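The opening position of the sequence shown corresponds to residue 45 in the working numbering, with each subsequent residue numbered one higher. In what follows, a structure is listed as structure tokens, so that the remarks can point back to it.
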Amino acid sequence: MARIIHQLSLNENCSPPLPGVVEALSGALDQVHLTLDALADGLAADLAGRLGLDAGRVVAGAGSGALLQQFLTAHAGAGTTVVHTWPSFEMYPLLIRNALAEPVAVTGPDDRQDLAAVAAAVTPDTSVVLLCNPNNPTGEVLDAARLRDLLDALPPHVLVLVDEAYREFAAPDAIADAVELHRTDDRVAVVRTFSKSHGLLGLRVGYLVGAAEVVAPVRRTTPFYRVPTIAQAAAVAALKAEPEMREQCERVAAERDRVRSGLLDLGFDVPPSGGNFLWLRLGARNREFVEHLAEDGIAVRALAGGSGVRVSTGIPEANDAVLRAAGRFAAGLA
Ligand code: PMP
């Protein structure tokens with residue numbers, strides 16, 4: 045296989061950390077011998093203040109992956125089912141099984157999320173409904189009306205955890221804000237991360253919002269010192285740089301949409317996406333497409349058992365390379 049020149053299989057942020065974040069990181073380096081904020085409560089309080097929530101409704105953790113696992117371990121568990129849509133984040137079934145719960149995958153038509161079918165899959169044994177918004181890998185965005193309808197259809201004992209790992213890449217007026225839904229419905233919990241839009245993947249910072257009694261057991265299972273001081277400092281600086289972060293995400297979203305329209309022109313089936321990635325519905329030709337791009341040094345991802353290939357949005361040069369390779373692929377098929 046050719047050397048990877050464009051890494052577009054991991055949904056990484058294609059921009060380096062913002063200058064304010066780098067500055068905060070270097071400023072924090074000579075403090076690493078000092079006592080840590082063991083559970084990153086300072087960061088959680090900062091987030092709670094920004095969101096206008098009580099501090100007890102926010103907990104910080106070592107990325108959203110860790111928080112998803114803590115949440116499921118605390119609130120799902122043996123004998124319960126966790127209903128989620130499919131295709132979605134490949135880790136969900138694993139995290140659910142790690143919590144000793146049983147995953148129930150609900151597949152909608154054309155890979156879309158069918159929330160009526162999600163509600164229909166809920167039984168008295170269901171502890172949690174887990175949704176990804178925008179959905180990785182399909183990019184589908186759920187609006188507030190669809191989530192409200194789902195909440196109306198669910199029994200009171202079921203918690204709804206919305207994973208908003210990619211929310212900043214979606215149009216703000218199109219995507220539900222699960223924190224807003226949480227304000228009027230304690231069943232709603234939200235997990236967010238600094239790994240994607242803020243570009244702090246390597247520092248491992250995320251947070252979870254939920255009712256105080258939902259957050260408390262998650263906080264109790266947060267390992268001490270898992271979010272290092274430097275990561276906390278970077279996250280606080282990233283929050284201060286919100287306008288620049290938004291601009292960066294808008295640039296990525298514009299590139300994503302440019303690639304999508306190029307692919308549509310070539311005849312590919314690509315649903316609109318609110319993430320920093322696109323989902324090419326290639327069916328049986330998945331593997332062939334991945335291998336074709338690999339010959340040009342472009343790494344993209346065919347999801348296990350999925351009907352499509354996920355292509356992350358990169359810098360313009362990488363996106364141009366995708367369009368060129370996709371053009372040759374389409375010509376070969378004609
Ligand atoms: N949720 C989704 C939907 C993801 O795609 C990812 C990372 N690929 C995560 C959560 C975990 O991200 P992190 O632990 O870096 O916050």
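C-beta atoms are modelled at their ideal positions from N, C-alpha and C, and glycine is treated no differently. Bear in mind the structure is a predicted one, so any value in this text is a computation, not a measurement.
Discussion item. So within the region 176-232, which uninterrupted alpha helix (DSSP H) runs reach at least 4 residues, ignoring any that extend past its ends?
Written reply: Runs of the alpha helix (DSSP H) inside the region 176-232: 188-197 and 222-228.
Worksheet item: Whole-angstrom Cβ separation of ALA346 and VAL355, contact assumed at under 8 Å?
Response: About 10 Å; that fails the 8 Å criterion.
Discussion item. According to DSSP, is ILE342 part of a helix, a strand, or is it coil?
Written reply: In this structure, ILE342 counts as strand in the three-state DSSP scheme.
Fill in: Residues surrounding the ligand PMP [beta-carbon distance to nearest heavy atom under 6 Å]
The set, ordered by position in the chain, is ASN55, GLY107, SER108, GLY109, PHE133, CYS176, ASN180, ASP207, ALA209, THR237, SER239, LEU245 and GLY250.
Worksheet item: Roughly how many whole angstroms lie between the Cα atoms of PRO272 and PHE312?
Response: Taken atom to atom, the span from the alpha-carbon of PRO272 to that of PHE312 is near 44 Å.
Worksheet entry | Counterpart residues of GLN51 in DSSP-defined beta bridges | Under DSSP, GLN51 forms a beta bridge with ALA343.
Item to complete: For LEU247, I'd like the list of residues in its chain whose CB is within less than 6 Å of its CB, leaving aside the five on either flank, ordered along the chain.
Response: Same-chain partners within the cutoff: ALA275 and ALA278.
Practice prompt. Name, in chain order, the residues that DSSP records as bridge partners for PHE333.
Written response: Residue pairing by DSSP places PHE333 opposite no residue, since no beta bridge is assigned to it.
Discussion item. Does ALA378 pass the burial test, meaning 16 or more other C-beta atoms within 10 Å, or should it be called exposed?
Written reply: With a pLDDT of only 46 at ALA378, under the threshold of 50, the placement of this residue in the model should not be trusted; the figure read from the coordinates follows. Result: exposed.
Item to complete: Name the residue from VAL172, LEU95, ARG156 and GLU339 whose alpha carbon lies nearest to the alpha carbon of ALA145.
Response: Minimum Cα distance to ALA145 is reached at VAL172.
Worksheet item: Around the C-beta of ARG156, are 16 or more other C-beta atoms found within 10 angstroms, so that it is buried, or is it exposed?
Response: ARG156 sits exposed, since fewer than 16 C-beta atoms from the chains shown fall within 10 Å of its C-beta.
Worksheet item: Between the C-alpha atoms of GLU288 and PRO63, what's the straight-line distance to the nearest angstrom?
Response: Cα to Cα, the separation comes out at about 10 Å.
Worksheet entry | Integer-rounded CB distance, given that GLY318 should sit under 8 Å from PRO181 | The Cβ separation is near 12 Å, so there is no contact.
Practice prompt. List in chain order: all unbroken alpha helix (DSSP H) runs of 4+ residues lying wholly within the region 230-314.
Written response: Fully enclosed alpha helix (DSSP H) runs of 4 or longer: 256-264, 273-284 and 286-309.
Worksheet item: Helix, strand or coil: how does DSSP classify PHE133 here?
Response: When secondary structure is reduced to three states using DSSP, PHE133 falls in the coil class, being assigned neither helix nor strand.
Worksheet item: With a Cβ-Cβ cutoff of 8 Å, do THR265 and ALA118 count as a contact?
Response: Contact flag set, yes.
Worksheet item: Between the C-alpha atoms of LEU186 and LEU78, what's the straight-line distance to the nearest angstrom?
Response: C-alpha separation (whole angstroms): 43 Å.
Worksheet entry | Cβ pair GLU384, ARG236 closer than 8 Å | Given a span of 45 to 378 for the chain in the structure shown, any question on residue 384 remains unanswerable.
Discussion item. Assuming ARG94 is part of the beta strand (DSSP E), what are its boundary residues?
Written reply: No beta strand (DSSP E) contains ARG94, which is instead part of the alpha helix (DSSP H) from 85-95.
Discussion item. If you measure between the beta carbons of GLY250 and LEU111, is that distance less than 8 Å?
Written reply: Closer than 8 Å, so yes.
Worksheet item: Mapping DSSP to helix, strand and coil, what is LEU367?
Response: Here LEU367 sits in helix by DSSP.
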